[in-house]
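Each remark here refers to the structure printed beneath this line.
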């Protein structure tokens, strides 16, 4: 890879990593992910914005790009740490060892993490809202944006060039040959939008109220470029990615899209016996359905689908007096992500005893879901159970279509 020039004196240096790994140890990244860092060269000083974890040789990849700019780790004056998560700070110990005079710029809360994560206590420059650093014709302005998505997070704005370095905010999964939104091929666009939404659902969704606050806080800035630490740089239409994140954040409390995410587990086929009937009924009522079977499909994709859907169908059997364990895991993830105010129906089979619904009810209460129907049956579904399933599916479709 080569450095990507954003404007004179400002470059992205990046590594494309992670195809076979799990992001944060949880989320599959079949298409990998970009680790973006940025160089800002003023007439007097040089700043480096956000590091990389030495993942798939990322540090070496970035250093080779720095060399093309006649920049070395040792020559950097400032290291701006917008966010302390290790994918953006993992090489900090190595960088500080090689350049012990570098000034580390971060928030007060981040300072404590620099201390405890990396045993670094010197040359830390704490900033608060509105603080600036003049590099010589390039002025960095700092804005605290807590909980997007850690409490210490900030963003950096380059005043003269109107560039927002947003770290995890406005990011995406996926590796992209082209750096900028106005260079992407149609194939890259087809990857970027779904992987942006999945990234948001997996990484940021829990913190949606803070995303809304952050967007409101930054609204007065003239943002001509959004430069995140994952994904592509938005220079042709920076408001597009900001608008997408605003939409995603508001989906937390519903309504989202007029769609239904259908999640089911089955042991011996008795719960699965109603899947086609319910799915077909929903589709006949004019509703888009996203079907997921767990544990066969990773919860990452289930969460992404559920986040954009106003309706949910949960199909699961009772397993030893409780919910089927793979479905419990899914519901726990939805609960952690605060997927609130959905329209929901639930169905499932049991053997000698029920119990799944009793354990399901606290999720309904916690997430304020609107329960529109429950179909539980012993063994295989009867004709009466099938009719109840059709009626519940129709009620769900109607509720989703009418919810504004």
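In the working numbering, the protein residues as written are 3 to 406.
All residues carry an ideal CB built from backbone N, CA and C; glycine is no exception.
Predicted model only: the values in this text are computed from it and were never measured.
- With a cutoff of 8 Å on beta-carbon distance, residue 259 and residue 312 are scored as near each other.
- Using a 10 angstroms sphere on the CB of residue 6, the tally of other CB atoms reaches 16 or more, which defines it as buried.
- Residue 140 and residue 79 have their alpha carbons spaced roughly 14 Å apart.
- Sixteen is the threshold: when 16 or more other Cβ atoms of the shown chains lie within 10 Å of the Cβ of residue 44, as they do, the residue is buried.
- A straight line joining the alpha-carbon of residue 50 with that of residue 166 spans about 14 Å.
- Around the beta-carbon of residue 303, 16 or more other beta-carbon atoms lie within 10 Å, marking it buried.
- In the structure shown, residue 364 adopts helical secondary structure according to DSSP, grouped into three states.
- Cβ-Cβ distances below 8 Å link residue 340 to 207, 208, 210, 254, 369 in the same chain, with the five nearest sequence neighbours on each side left out; the list follows chain order.
- Considering only 172, 103, 143, the residue with the shortest C-alpha distance to residue 129 is 143.
- Straight across, the Cα-Cα distance linking residue 137 with residue 235 is about 22 Å.
- Contact annotation: residue 216 and residue 276 have beta-carbon atoms that are not nearer than 8 Å.
- In terms of Cβ geometry, residue 163 and residue 9 form a close pair [threshold 8 Å].
- The C-alpha of residue 245 lies about 10 Å from the C-alpha of residue 239.
- The alpha-carbon of residue 310 is positioned some 8 Å away from that of residue 261.
- The residues 352, 356, 357, 358, in chain order, have a CB closer than 6 Å to that of residue 320 in the same chain once the five nearest residues on each side in sequence are set aside.
- If you draw a straight line from the Cα of residue 250 to the Cα of residue 170, it is about 15 Å long.
- Along the segment 258–290, the beta strand (DSSP E) occurs as fully enclosed runs of 3 or more residues at 259–266, listed in sequence order.
- Judged by beta-carbon spacing, residue 61 lies beyond the 8 Å limit of residue 91, meaning their Cβ atoms are not closer than that value.
- Within the DSSP bridge table, the entry for residue 293 names 264 as partners.
- Cβ neighbours of residue 399 within its own chain (closer than 8 Å, five residues either side excluded): 262, 283, 284, 287, 288, 289, 313.
- For residue 146, the secondary structure class from DSSP, reduced to helix, strand or coil, is strand.
- When 292, 335, 324, 291 are compared, the shortest CA-CA separation from residue 301 is found for 335.
- Leaving aside the five residues that flank residue 33 on each side, the residues in its chain whose CB is nearer than 8 Å to its CB run, in chain order, 21, 175, 176, 177, 193, 197.
- A distance of 8 Å or more separates the beta carbons of residue 74 and residue 81.
- In the DSSP assignment, residue 48 falls outside any alpha helix (DSSP H) and lies within the beta strand (DSSP E) extending over 48–51.
- Distances from the CA of residue 133 to each of 158, 152, 148 were compared; the closest alpha carbon is that of 158.
- In this structure, residue 345 sits near residue 374, with a CB-CB distance shorter than 8 Å.
- Taken atom to atom, the span from the alpha-carbon of residue 372 to that of residue 272 is near 25 Å.
- At a Cβ-Cβ threshold of 8 Å, residue 296 and residue 265 count as neighbours.
- Counting only residues of its own chain and dropping the five nearest sequence neighbours on each side, residue 103 has a CB closer than 8 Å to the CB of 125.
- Residue 201 and residue 233 have their C-alpha atoms roughly 10 Å apart.
- In the structure shown, residue 10 adopts coil according to DSSP, grouped into three states.
- A Cβ-Cβ contact shorter than 8 Å links residue 107 with residue 135.
- Residue 230 has 169 as its beta-bridge partners, per DSSP.
- In this structure, residue 214 lies away from residue 151, with their beta-carbon atoms at least 8 Å apart.
- Look at residue 392 here: in three-state DSSP terms it is helix.
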